[in-house]
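Protein chains in written order, with the working numbering: chain A, 144 to 452; chain B, 45 to 546; chain C, 167 to 479.
The next block holds one structure in the form of structure tokens; read it before the comments.
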Amino acid sequence: MAVSNPAEYSPKRNTSFVDWLNRHIKLIFILPSLIFVLAMMVFPIGYTVWLSFNEWNGSARQSPQGVGLSNYTNLLTADPRFWDSVLRTFLFSFGAVVAELLLGLGIALLLQGKFFGQNFIKTLILLPMVATPVAIGMAWLLMFEPTIGLLNALLRDIGIAPQPWLGSEQQALWSLVMVDVWQWTPMMALILLAGLTVLPEEPYEAARVDGASPRQRFFYLTLPLLMPTIVVATLLRSIDALKTFDIIYTMTRGGPGYATETINTYGYVQSFEYFKLGQASSLLVIFFAMVLGISLLFIQVRRRWGVQA
Amino acid sequence: MNRKSNTLGLATLMLLLCGLVAACGDTGASTTNTAPTGGAVSGTTTTAAATNAGAATTAAGTTTGTTAAAGAATTAAAAGAATTAAAAGQTGNVVAGVSKNFSGKQLRIITANHPWNEGIKKVLPQFEQASGMKITVENYFEDQLSQKLQIGLTSGSSGADVFMFRPLQEGKLFANNGWLNDLSAKAQGASEWNWSDFQDAARSTVTFDNKVYGIPIVTEREIVYYRKDLFEQAGLKAPTTLEELTEAAKKLTDPAKGQYGLVMRGQRSPAVTQFSSFLYSSGGTWTTSDGKSALGTPEALSAYKLYGDLLKNYGPQGTLNMSWPQAVAIFQQGKAAMWIDADSLYTNVLDPAKSIIADKVGYAQFPAGKAGSKPYNITSWALGMNAASGNQDAAWEFIRWATSAPVVMQLQQSGLPGARSTVWNSPDGLKGFPEEYAKVAQSSAKAGVGFDRPPVVNVGEARDIVGNPIVISIQGGDVAGAVKEADQKFNAFLDKDKNAKS
Amino acid sequence: MGGTGMSQATRPENRATELPTPDTTNRPADSRLSTGRKAGATRWDYVLLQGLRYVAIVLITIIFLLPFLWMTLSSFKTQIDITTSKNVFQFTPTTENYQNVFGQYNYLLYLVNSLVVAVGSTFLSLVLGLPAAYAIARYRVGWLGVVLLTARIVPGITFLIPWYIIFSRIGIIGSYWALILSHMLVGLPFIAWIMISFFESLPVDLEEAARVDGATAFGAFFRISLPLAVPGIITASIMSFIFSWNNFMFSLVLSGDNTKTLPIAIFNFISYSSVDWGGLMAAAVVITLPVLLLTLMVQRYVVAGLTSGATKG
Chain A
144 MAVSNPAEYS PKRNTSFVDW LNRHIKLIFI LPSLIFVLAM MVFPIGYTVW
194 LSFNEWNGSA RQSPQGVGLS NYTNLLTADP RFWDSVLRTF LFSFGAVVAE
244 LLLGLGIALL LQGKFFGQNF IKTLILLPMV ATPVAIGMAW LLMFEPTIGL
294 LNALLRDIGI APQPWLGSEQ QALWSLVMVD VWQWTPMMAL ILLAGLTVLP
344 EEPYEAARVD GASPRQRFFY LTLPLLMPTI VVATLLRSID ALKTFDIIYT
394 MTRGGPGYAT ETINTYGYVQ SFEYFKLGQA SSLLVIFFAM VLGISLLFIQ
444 VRRRWGVQA
Chain B
45 MNRKSNTLGL ATLMLLLCGL VAACGDTGAS TTNTAPTGGA VSGTTTTAAA
95 TNAGAATTAA GTTTGTTAAA GAATTAAAAG AATTAAAAGQ TGNVVAGVSK
145 NFSGKQLRII TANHPWNEGI KKVLPQFEQA SGMKITVENY FEDQLSQKLQ
195 IGLTSGSSGA DVFMFRPLQE GKLFANNGWL NDLSAKAQGA SEWNWSDFQD
245 AARSTVTFDN KVYGIPIVTE REIVYYRKDL FEQAGLKAPT TLEELTEAAK
295 KLTDPAKGQY GLVMRGQRSP AVTQFSSFLY SSGGTWTTSD GKSALGTPEA
345 LSAYKLYGDL LKNYGPQGTL NMSWPQAVAI FQQGKAAMWI DADSLYTNVL
395 DPAKSIIADK VGYAQFPAGK AGSKPYNITS WALGMNAASG NQDAAWEFIR
445 WATSAPVVMQ LQQSGLPGAR STVWNSPDGL KGFPEEYAKV AQSSAKAGVG
495 FDRPPVVNVG EARDIVGNPI VISIQGGDVA GAVKEADQKF NAFLDKDKNA
545 KS
Chain C
167 MGGTGMSQAT RPENRATELP TPDTTNRPAD SRLSTGRKAG ATRWDYVLLQ
217 GLRYVAIVLI TIIFLLPFLW MTLSSFKTQI DITTSKNVFQ FTPTTENYQN
267 VFGQYNYLLY LVNSLVVAVG STFLSLVLGL PAAYAIARYR VGWLGVVLLT
317 ARIVPGITFL IPWYIIFSRI GIIGSYWALI LSHMLVGLPF IAWIMISFFE
367 SLPVDLEEAA RVDGATAFGA FFRISLPLAV PGIITASIMS FIFSWNNFMF
417 SLVLSGDNTK TLPIAIFNFI SYSSVDWGGL MAAAVVITLP VLLLTLMVQR
467 YVVAGLTSGA TKG
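What follows is the structure in structure tokens.
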């Protein structure tokens with residue numbers, strides 16, 4: 144992993160401003176984004192953490208009341224709804240992301256290289272993620288409708304019994320996974336496709352000389368070379384999947400019963416339907432910690448692959 | 045490949061351009077709806093002239109009808125044709141008595157996506173002209189309205205001067221939190237405007253701790269929509285008792301034909317309000333007089349059972365995820381013989397472009413149970429004034445006008461049930477509704493209960509608690525157990541909720 | 167190489183400069199599929215495989231588009247025809263829904279708002295994010311990556327009230343700036359993270375060679391690394407644009423009446439007492455057109471730009 148630092152080549156003879164810039168390129172590249180992100184995040188995070196130790200419903204008459212850790216202990220020990228939603232969140236995200244990764248990789252390999260109408264196809268395939276989650280949720284809601292919806296009409300045509308879809312505790316979560324896969328596989332595919340296009344060529348030349356089979360080339364070259372991109376794409380998609388809100392809230396509001404309530408929708412309910420800002424904040428803090436933990440794991444995995452790439 | 049994507053790209057571009065042109069063409073029209081076209085300038089015109097000028101600038105249709113249009117106003121399509129002229133007999137012009145004291149003031153009003161918003165926008169230019177104020181109206185879907193208001197109010201901002209809110213859902217909380225201005229003195233002081241003309245139930249809904257926190261604008265009741273043709277074929281009459289309702293639902297259910305006895309909401313929280321009439325009519329209620337849960341009674345249990353059984357046995361598939369948009373769509377498609385929901389949704393079934401059974405719908409008062417027929421009769425929306433608003437008096441002038449008898453008359457004639465007794469009692473006030481509907485709405489109002497959800501501060505949480513047995517009941521689970529659990533949770537909730545009041 | 171000399175034939179410049187280019191691989195697409203070299207059979211294998219591949223591409227595209235086609239069909243239907251369970255292709259077309267979209271509401275304003283915010287936030291995210299990604303990849307500033315990622319991890323609800331407080335203090339509530347800044351927090355981490363692996367996968371030798379030839383550190387970044395990373399930049403920008411285009415929660419809370427974006431406006435079709443399904447679907451179709459157009463244009467422009475750029479490079 145010995146990456147040589149281009150800054151070392153920096154000529155040191157000149158003291159002009161441009162030169163100063165060039166010598167401090169690292170700082171200049173880092174600072175703007177760092178300042179921006181911190182400026183936007185420090186207060187909200189601090190505020191939320193502070194609020195998580197309080198009880199408040201936004202009242203103008205009564206300021207937040209300190210309650211110590213009780214919001215946390217309440218969630219972690221006395222609220223089965225929370226742990227159920229945690230489990231569901233992970234089930235939903237895992238199911239969706241794995242399907243999206245496999246399908247996305249397949250589609251990326253398929254779309255790799257020139258073909259007739261490639262720009263057009265690559266644009267069309269974006270459609271599921273462009274059509275605004277709310278509208279998409281409403282459209283799927285109608286398509287899933289067991290009595291008058293399209294899906295059951297299709298099933299009847301091919302002689303399969305109509306399904307309750309979102310109206311059943313067993314099927315609702317997986318119906319939502321289906322929508323998520325439909326919506327986000329294109330993004331996965333396009334990121335991986337972009338990754339494929341910049342893979343170095345030499346290893347393939349060598350493999351050809353050695354007479355490697357296509358399968359060997361895929362498993363021993365493409366996959367390892369693409370791994371950093373795969374990990375990043377999976378990481379970004381996992382974060383978003385864990386935070387999925389729009390389609391769930393539009394289509395089921397967490398129902399039937401609580402069968403599709405995820406941590407994020409529960410957090411929304413706590414803030415905007417129950418007006419329990421302190422409780423909601425503690426939930427958001429825990430949720431944040433969980434996702435951060437998972438992300439750091441991904442980053443570790445990526446570092447390992449990064450060494451090889 | 046290039047040519048193909050070229051052509052398609054071009055086609056897309058052209059489509060887009062067409063859209064843009066269309067949008068530009070209409071920008072002018074839509075601005076007349078929201079902006080006071082010249083209203084602020086012509087401050088010297090007399091009130092009568094202002095009315096005419098204002099009326100001329102409103103969207104076509106407002107003033108086209110005369111009294112003759114009243115008959116046609118029964119269809120939803122003609123909803124916009126209700127007329128100032130028709131109201132004239134009783135009330136005169138809609139801006140009589142509007143003060144010019146606040147000329148030049150700007151007010152920001154936040155409303156829901158609601159027919160009230162559309163109705164008020166039509167007469168707003170007249171108000172702007174008469175008062176010299178400038179009013180901007182924003183509208184949001186109710187969930188978003190609630191979220192947007194809550195965030196603005198929590199952070200202590202004075203963003204909106206006046207907003208629409210749901211007194212039964214968030215009224216107590218807003219009032220407790222000091223977000224709503226106390227309007228008691230203003231309401232009771234305006235003698236000509238006449239606070240006592242508002243229905244008793246409506247006034248009590250917006251009054252917390254003897255203070256008035258909002259002015260009711262829209263009322264609604266739970267009724268039974270039924271298919272006259274199917275009932276006739278089966279030799280049935282509109283159900284008057286819950287037993288008859290069950291019988292009719294049973295008779296008219298035929299899944300093989302894709303026909304179901306009835307359709308109602310099954311989603312936990314949305315179902316609570318429609319379940320409430322079942323609860324009251326069965327002799328139950330939410331809370332006892334000493335503020336404890338009343339869910340543990342046999343009456344409540346029987347109501348939960350009935351609601352779930354009806355949907356489970358005679359409802360379509362997938363009712364667990366059903367809120368009113370899906371329910372109404374199924375009824376519109378003729379798949380259900382009955383649909384039980386709020387009367388405010390009636391225009392959905394009357395419009396032939398939306399409903400294949402538009403001419404076959406009958407209305408019935410909520411059927412009687414052990415305790416008689418007790419539908420809810422509620423104020424679903426009210427106008428509130430932001431306590432942080434810097435324009436309190438001007439804001440009151442707007443509220444006073446928007447809830448004045450002439451305006452309410454005009455809105456009600458366009459099909460929007462208001463809260464004023466004189467309007468309901470006048471034949472003119474019922475012109476906007478189908479005759480049968482008007483009768484049912486009136487009789488329901490007399491029998492009705494003034495709330496459709498637990499009367500607490502944190503309504504959202506309460507709804508989830510009391511709604512859970514509905515879900516279990518529809519699934520055919522252990523209803524008694526679920527009700528018992530809900531009873532306990534609700535008691536614990538009520539203890540905390542009371543403290544929240546202080 | 168497995169298949170043919172297709173790519174060599176079409177892109178000789180790639181061979182010459184050994185620069186990876188976007189949009190077309192240096193290897194033929196079927197290099198993974200064909201069974202190595204068996205003279206004589208290769209030609210037919212190739213044709214067959216290309217045919218199969220094409221069928222697969224078309225099939226997958228259609229599958230992914232079906233729900234969208236349903237939405238588009240619905241946008242030309244009356245409500246009765248949308249909610250019916252009968253044949254989806256049997257209906258009398260109407261343009262009423264589109265008339266409603268453009269007639270009842272000021273969609274042009276919402277469209278402009280959405281464009282301003284999405285373009286603005288994407289552009290600024292690129293300006294901040296590309297150098298950051300480069301620094302993380304080249305100078306191994308791993309912690310910065312984690313900080314940026316944190317912005318993406320924090321649940322959106324967390325920001326609403328605090329931002330509202332800050333933004334109203336500095337008086338930008340309801341302005342484009344409030345929206346652009348909030349959307350940047352979504353776009354910037356995404357762009358940065360996509361680009362990290364791109365910059366990492368670029369060969370360092372090229373830059374080093376340029377530096378030896380006297381290029382400055384900035385020069386190496388702008389003239390060597392950025393052009394090479396264009397496929398990634400395009401993909402990341404398109405995604406970032408879409409994230410902003412679709413953003414609902416931040417836009418809802420921070421926008422004013424004149425800065426409402428399309429996703430907020432689309433809710434005009436859902437009201438307290440009715441859902442206008444046709445209008446909703448028409449609005450959803452209208453919302454996608456600008457993005458499609460933009461994507462097509464960007465892809466075409468980039469392909470053209472790169473072909474000329476590669477020969478110079």
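Just so you know, even glycine gets a beta-carbon here, dropped at the ideal spot from N, CA and C.
For a cutoff of 8 Å on Cβ pairs, would you count residue 163/C as touching chain B? This structure leaves residue 163/C out entirely; chain C is present only between 167 and 479.
Cβ-based contacts, 7 Å cut-off: residues of the region 139-167 of chain B near chain C:
156, 157, 158 and 159
**Message:** At 3 residues or longer, what runs of the beta strand (DSSP E) sit wholly inside the region 187-249 of chain B?
**Reply:** Unbroken beta strand (DSSP E) stretches of 3 residues or longer found wholly inside the region 187-249 of chain B: 206-209, given in chain order.
Problem set entry | DSSP three-state assignment for residue 469/B, whether helix, strand or coil | helix
Within 8 Å of any Cβ in chain A, is that where the Cβ of residue 300/B sits? no
Assign residue 433/C to buried or exposed, taking buried as 16 or more other Cβ atoms, counted over all protein chains shown, within 10 Å of its Cβ.
buried
For residue 337/B, the residue or residues it bridges with in DSSP: 331/B
Would you mind working out which of 408/B, 289/B and 329/B sits nearest residue 498/B, comparing C-alpha positions?
329/B
- Item | Short Cβ contact (8 Å threshold) for residue 397/B with residue 316/C | no
- Counting contacts by CB-CB distance shorter than 8 Å, is residue 367/C in contact with chain A? yes
Check your understanding: Around the Cβ of residue 447/A, are there at least 16 other Cβ atoms within 10 angstroms (buried) or fewer (exposed)?
Key -> exposed
Exercise. Name the residues in the region 336-362 of chain A whose C-beta lies less than 9 Å from a C-beta of chain B; which are they?
Worked result: So nothing in the stretch comes that close.
Looking at the unbroken beta strand (DSSP E) that takes in residue 390/B, where does it start and where does it end? Taken as a continuous stretch (DSSP letters only), residue 390/B belongs to no beta strand (DSSP E), as it is neither H nor E.
(message) Below 9 Å on C-beta distance, what does residue 297/C contact in chain A?
(response) 168, 171, 172, 173, 175 and 176
**residue 490/B, enclosing alpha helix (DSSP H) - first and last residue** = 479-491
Checklist entry - What whole-angstrom Cβ distance do residue 322/C and residue 176/A have, given they're in contact under 8 Å? => result Contact flag wrong, Cβ pair sits at about 20 Å.
Margin query: Let me check understanding here. Comparing Cα to Cα, which of 436/C, 445/C, 450/C and 414/C lies closest to residue 283/C?
Written below: Among 436/C, 445/C, 450/C and 414/C, the Cα nearest to that of residue 283/C belongs to 414/C.
Practice item. Tell me the start and end of each unbroken beta strand (DSSP E) in the region 299-385 of chain C that is at least 3 residues and wholly inside, in chain order. Key: none
Which two residues bound the contiguous beta strand (DSSP E) that contains residue 263/B? 259-271
(message) Using the three-state DSSP reduction, which class does residue 155/B fall into: helix, strand or coil?
(response) strand
By alpha-carbon positions, which one of 258/B, 173/B, 200/B and 541/B ends up nearest to residue 501/B?
Comparing Cα positions, the closest option is 541/B.
is_contact[residue 500/B, chain A] using C-beta, thresh 8 Å: no
Exercise for the section: Give the DSSP-derived three-state secondary structure of residue 421/C in the structure shown. Expected result: strand
*With a cut-off of 8 Å, does the C-beta of residue 404/B fall near any C-beta of chain C?*
no
Check: Taking only beta-carbon atoms, is residue 529/B less than 8 Å away from chain A?
Finding: No, no contact with chain A.
Can you name, in chain order, every residue of its own chain whose Cβ lies under 6 Å from the Cβ of residue 418/C, other than the five neighbours on each side? 430
Throw me the rounded Cβ distance for the residue 250/B and residue 384/B pair, which I believe falls under 8 Å. In fact, because the Cβ distance is near 26 Å, the residues do not count as touching under 8 Å.
Is there at least one Cβ from chain B nearer than 8 Å to residue 434/C's Cβ?
yes
Q. Between the C-alpha atoms of residue 225/C and residue 255/C, what's the straight-line distance to the nearest angstrom?
A. The alpha-carbon separation between residue 225/C and residue 255/C amounts to approximately 20 Å.
With distances taken Cα to Cα, identify the nearest neighbour of residue 356/B among 308/B, 253/B and 342/B.
-> 308/B
- Query: DSSP three-state call for residue 344/A: helix, strand or coil?
  - Reply: coil
| request: Select from 277/B, 326/B, 460/B and 368/B the residue whose C-alpha is nearest the C-alpha of residue 381/B. | output: 277/B
Self-check item: Of the listed residues 408/B, 442/B and 472/B, nearest to residue 455/B (C-alpha basis)
Solution: 472/B
Partner residues on chain B for residue 270/A, Cβ-Cβ distance less than 7 Å = Those within 7 Å of residue 270/A in chain B number zero; the least Cβ separation is about 12 Å.
* Round the Cβ separation of residue 294/A and residue 391/A to the nearest angstrom and send it over; I've been treating them as touching at under 8 Å. => About 18 Å separates the two Cβ atoms, so there is no contact after all.
**Interfacial residues, the region 191-222 of chain A to chain B, with Cβ spacing under 7 Å** = The residues in question are 200, 201, 202, 203 and 204.
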